[in-house]
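This report concerns only the one structure given below.
Protein chains in written order, with our numbering: chain A, 15 to 128; chain P, 42 to 155.
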């Protein structure tokens with residue numbers, strides 16, 4: 015059983031387009047995250063939601079808009095894609111964002127903007 | 042904010058030798074220190090973690106040590122095997138406005154030579 019899943023796995027699109035990435039977890043966790051991993055493999059947190067509420071919002075361009083319809087799902091919508099948005103985007107979940115716990119990562123979505 | 046430095050960036054060892062990866066953090070309020078292993082094209086996966094009230098933790102060939110005073114923590118892998126080859130990330134988890142997030146180090150690419 016897949017604990018944290020993401021779709022799509024690969025996304026190739028042109029500059030200026032709008033795209034979405036979806037994430038689902040079946041672990042019963044309260045908190046979900048979006049991370050960006052750039053070409054140098056650096057992992058940086060973007061957003062975190064706890065029970066559908068935004069609790070962490072790092073310095074991310076407002077072209078990125080996360081949405082959590084329920085605590086098992088966290089989606090990421092990106093408007094007006096730019097070349098610099100090319101990266102691997104990982105979703106993750108943890109039991110409770112108000113306590114330090116292990117985070118479980120999804121398989122990643124490789125976004126390529128041409 | 043929290044800053045995590047990780048060294049070395051690359052490490053090559055002979056099979057059977059030990060490998061040590063070191064991290065330092067800046068925020069003394071950080072209380073949880075996980076280590077993640079990321080194989081090529083895969084998701085990061087937790088291999089070991091340590092909380093701030095513990096100085097050392099071991100799990101078979103893997104051990105982590107924490108020096109809170111010096112704000113250092115290290116990953117030790119003994120009897121390395123080719124399947125240990127991967128990128129390893131340390132992280133620190135500081136409290137931020139009542140929530141916790143991971144601040145990752147820049148990663149260490151470990152290559153175990155057969």
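Even for Gly, the Cβ is constructed at its ideal location relative to N, Cα and C.
Rounded straight-line distance, which links the Cα of residue 124 (chain A) to that of residue 23 (chain A)
Start at 1 with the first residue of the first chain, and residue 23 (chain A) comes out as number 9. Start at 1 with the first residue of the first chain, and residue 124 (chain A) comes out as number 110. Distance between the alpha carbons of residue 23 (chain A) and residue 124 (chain A) is about 6 Å.
Strictly by DSSP, which residues pair up with residue 84 (chain A)?
Within the first chain, numbered from 1, the residue matching residue 84 (chain A) stands at position 70. Bridge pairing for residue 84 (chain A): A:87 [DSSP].
Give the DSSP-derived three-state secondary structure of residue 124 (chain P) in the structure shown.
Counting from one through the second chain, the residue named residue 124 (chain P) turns up at place 83. The answer is helix: DSSP assigns residue 124 (chain P) an H, G or I state.
Buried versus exposed, by CB contacts within 10 Å (16 or more), residue 38 (chain A):
On the first chain, residue 38 (chain A) is found 24 positions in, with the first residue counted as 1. Flag for residue 38 (chain A) reads buried.
Pair within 9 Å by beta-carbon distance, residue 68 (chain P) and residue 121 (chain P):
Locating residue 68 (chain P) in the second chain gives position 27, where the first residue counts as 1. Locating residue 121 (chain P) in the second chain gives position 80, where the first residue counts as 1. Not a contact, by the Cβ cut-off of 9 Å.
At least 3 beta-carbon pairs within less than 8 Å: the segment 138 to 153 of chain P vs the segment 86 to 95 of chain P
In the pairwise beta carbon analysis, the segment 138 to 153 of chain P is classified as not touching the segment 86 to 95 of chain P: fewer than three pairs are separated by under 8 Å.
Mind the definition here: the segment 133 to 147 of chain P touches the segment 43 to 59 of chain P only if three or more C-beta pairs lie below 8 Å; say whether that holds.
yes
Suppose you measure from the CA of residue 53 (chain P) to the CA of residue 108 (chain P); what does that come to, to the nearest Å?
Here residue 53 (chain P) corresponds to residue number 12 of the second chain, with the count starting at 1. Here residue 108 (chain P) corresponds to residue number 67 of the second chain, with the count starting at 1. C-alpha separation (whole angstroms): 25 Å.
So what does DSSP say about residue 99 (chain A), is it helix, strand or coil?
The residue given as residue 99 (chain A) occupies position 85 in the first chain. If DSSP states are grouped into helix, strand and coil, residue 99 (chain A) belongs with the helices.
When the Cα atoms are used, what is the spatial distance from residue 62 (chain A) to residue 126 (chain P)?
On the first chain, position 48 is the one that residue 62 (chain A) refers to. On the second chain, position 85 is the one that residue 126 (chain P) refers to. Residue 62 (chain A) and residue 126 (chain P): Cα-Cα distance of roughly 30 Å.
Given residue 132 (chain P), which residues of its chain have a CB within under 8 Å of its CB, disregarding the five upstream and five downstream residues?
Locating residue 132 (chain P) in the second chain gives position 91, counting from the first residue. So the qualifying residues of the chain are 45, 74, 75, 76, 77, 143, 144, 145, 146.
Per the DSSP calculation, residue 86 (chain P) is bridged to which residue(s)?
Taking the second chain and counting its residues from 1, one reaches residue 86 (chain P) at position 45. P:78, per the DSSP bridge assignment.
Give the straight-line distance between the Cα atoms of residue 34 (chain A) and residue 110 (chain P), rounded to the nearest whole angstrom.
As a position in the first chain, residue 34 (chain A) is number 20, starting the count at 1. As a position in the second chain, residue 110 (chain P) is number 69, starting the count at 1. One C-alpha to the other measures close to 44 Å.
For residue 31 (chain A) and residue 17 (chain A), believed in contact at Cβ under 8 Å, the rounded distance
As a first step, residue 17 (chain A) is located in the first chain; it is residue number 3 there, counting from the start. As a first step, residue 31 (chain A) is located in the first chain; it is residue number 17 there, counting from the start. The pair is not a contact, with the Cβ atoms about 30 Å apart (cut-off 8 Å).
Given that a residue counts as buried once 16 or more other Cβ atoms are within 10 Å of its Cβ, and exposed if not, what is residue 94 (chain P)?
Taking the first residue of the second chain as 1, we reach residue 94 (chain P) at position 53. Residue 94 (chain P) should be labelled exposed.
Which residue marks the beginning of the beta strand (DSSP E) containing residue 115 (chain P), and which one marks its end?
Against the second chain, residue 115 (chain P) aligns to sequence position 74. Element bounds for residue 115 (chain P): 113 to 118.
Output needed for residue 141 (chain P): all residues of its chain with C-beta closer than 6 Å, excluding positions within five of it in sequence on either side, in chain order.
Along the second chain, read from residue 1 onward, the residue named residue 141 (chain P) stands at position 100. Excluding sequence neighbours, residue 141 (chain P) sits near 134.
Considering only C-alpha positions, which residue in the set A:107, A:84, A:98 is nearest to residue 74 (chain A)?
Your numbering for residue 74 (chain A) matches position 60 in the first chain. Comparing Cα-Cα distances from residue 74 (chain A) to each of A:107, A:84, A:98, the minimum goes to A:98.
Would residue 44 (chain A) be called buried (16 or more neighbouring beta carbons within 10 Å of its own) or exposed?
Here residue 44 (chain A) corresponds to residue number 30 of the first chain, with the count starting at 1. The residue is buried, with at least 16 neighbouring Cβ atoms inside 10 Å.
I need the straight-line Cα distance from residue 57 (chain A) to residue 65 (chain A), nearest angstrom please.
To locate residue 57 (chain A), count along the first chain from 1; it is residue 43. To locate residue 65 (chain A), count along the first chain from 1; it is residue 51. Those two C-alpha atoms are separated by around 23 Å.
DSSP three-state call for residue 43 (chain A): helix, strand or coil?
For the purposes of this step, residue 43 (chain A) is taken as residue 29 along the first chain, with counting starting at 1. Coil at residue 43 (chain A), not helix or strand.
So with CB distances below 8 Å, who are the chain A contacts of residue 85 (chain P)?
By 1-based counting over the second chain, the position of residue 85 (chain P) is 44. Residues of chain A passing the Cβ test: 57, 104, 119.
May I have the straight-line CA-CA distance separating residue 116 (chain P) from residue 55 (chain A), to the nearest angstrom?
Looking up residue 116 (chain P) in the second chain gives position 75. Looking up residue 55 (chain A) in the first chain gives position 41. Rounded to the nearest angstrom, the two C-alpha atoms are 19 Å apart.
What is the DSSP secondary structure of residue 100 (chain P), reduced to helix, strand or coil?
The residue you call residue 100 (chain P) lines up with position 59 of the second chain. Note: residue 100 (chain P) maps to strand in three-state DSSP.
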